[in-house]
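One structure is given here, and the rest of the page talks about it.
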Amino acid sequence: MNSAEPSSKSNEPTLRGHVYDGIQEYDQKLPNWWLFTWYITMVWFVIGWLAYYQLGYGRTDHELIGEQMAKIEAVRAKELEAIDDKKLWEMSRTPEVVEAGKATFMATCVACHAADLSAHLAGVKLPGLPLNDTEWKHGGNPTQLMTIVRKGAPDITKGMASWEALGIKKITEVVAFVMSHHKEGEPVTLAADSPLKQGTAPATPSAAPVAPKS
Ligand code: HEC
72 MNSAEPSSKS NEPTLRGHVY DGIQEYDQKL PNWWLFTWYI TMVWFVIGWL
122 AYYQLGYGRT DHELIGEQMA KIEAVRAKEL EAIDDKKLWE MSRTPEVVEA
172 GKATFMATCV ACHAADLSAH LAGVKLPGLP LNDTEWKHGG NPTQLMTIVR
222 KGAPDITKGM ASWEALGIKK ITEVVAFVMS HHKEGEPVTL AADSPLKQGT
272 APATPSAAPV APKS
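This is the structure:
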């Protein structure tokens with residue numbers, strides 16, 4: 072293409088005179104639709120700036136996010152309100168819930184608590200505590216288990232992190248799966264190093280500590 076000669080027609084791009092590093096530039100007239108779009112954005116900016124930032128019309132992103140977060144919190148609070156020991160024991164006897172909980176357990180908890188919940192793999196102790204026996208460090212009520220799964224163990228350096236990110240549904244399912252290895256009303260003991268035993272960590276209001284049977 073040999074278009075190096077300056078064009079004389081007004082609606083055609085003209086080649087500008089200067090040359091930098093052997094590069095020449097066209098002086099291209101912007102199309103009207105483009106220019107008008109640009110003018111409209113400028114006018115719109117002034118209107119928007121006045122209305123939003125100066126006159127306070129419309130809510131800020133901060134307020135909108137705050138509203139959405141409050142809604143999410145309300146839904147979560149409502150979901151939590153409906154969950155008590157009775158409900159979780161019920162879920163632990165519902166096969167579909169236990170299956171779903173098992174899937175979460177196998178994906179998330181198995182590395183530390185083992186597939187059979189014994190916290191042992193081929194005779195080797197895994198980092199977690201056994202969940203299939205009746206000795207509990209943080210209480211054996213389903214809601215106490217749920218608190219540990221949601222919040223993590225009080226001493227995070229022990230290795231039990233918060234799994235709140237799983238969401239209430241998955242957490243209740245996984246607790247139901249663990250409880251499916253237990254019987255409602257079975258005798259429960261507190262581990263020797265249980266913070267509930269020493270009274271150093273207050274139990275959650277909904278779940279009173281279980282007294283050791285000895
Ligand atoms: C990185 C390893 C690790 C993973 C993964 C893990 N845990 Fe734990 N878990 C622990 C440790 C360590 C403890 C003991 C914490 C302590 O000593 O306070 C524990 C404690 C617990 C307890 C309390 C046991 C008791 O005796 O009171 C429950 C319940 C529990 N885990 C459930 C789960 C569930 C359910 C999951 C999966 C969502 C999970 N854990 C994932 C390491 C883990």
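Residue numbers for the sequence shown, in my numbering: 72 to 285. We put the beta carbon where it would ideally sit given N, CA and C, even for glycine.
Proximity winner among the options, relative to residue i (alpha-carbon distances)
i: G256; options: T205, T112 and Y124; result: T205
i: A252; options: I227, T112, L159 and A178; result: Per the sequence shown, the amino acid found at residue 252 is His instead of Ala. Answer by Cα proximity: L159.
i: E83; options: A263, I118, T243 and P102; result: P102
i: V259; options: L216, M231, G211 and W234; result: G211
i: G238; options: I143, Y124, Y110 and W109; result: I143
With 16 other Cβ atoms within 10 Å as the buried cut-off, status of residue i
i: F107; result: exposed
i: M177; result: exposed
i: A141; result: exposed
i: A185; result: buried
CB contact below 7 Å: residue i versus chain E
i: R130; result: Protein chains in the displayed structure number just one, and chain E is not present.
Residue j beta carbon less than 7 Å from that of residue i
i: L86; j: Q99; result: no
i: V169; j: F248; result: yes
i: V245; j: G172; result: yes
i: L19; j: K268; result: In the structure as shown, the chain starts at 72 and stops at 285, and residue 19 therefore has no counterpart that could be examined.
i: C183; j: L202; result: no
i: T165; j: K241; result: no
Proximity test, residue i beta-carbon vs the ligand HEC heavy atom, cut-off 6 Å
i: T179; result: yes
i: G172; result: no
i: P198; result: yes
Practice item. Could you tell me whether the segment 182-191 touches the segment 218-226, where touching means 3 or more Cβ pairs closer than 8 Å? Key: Cβ pair count under 8 Å is below three, so no.
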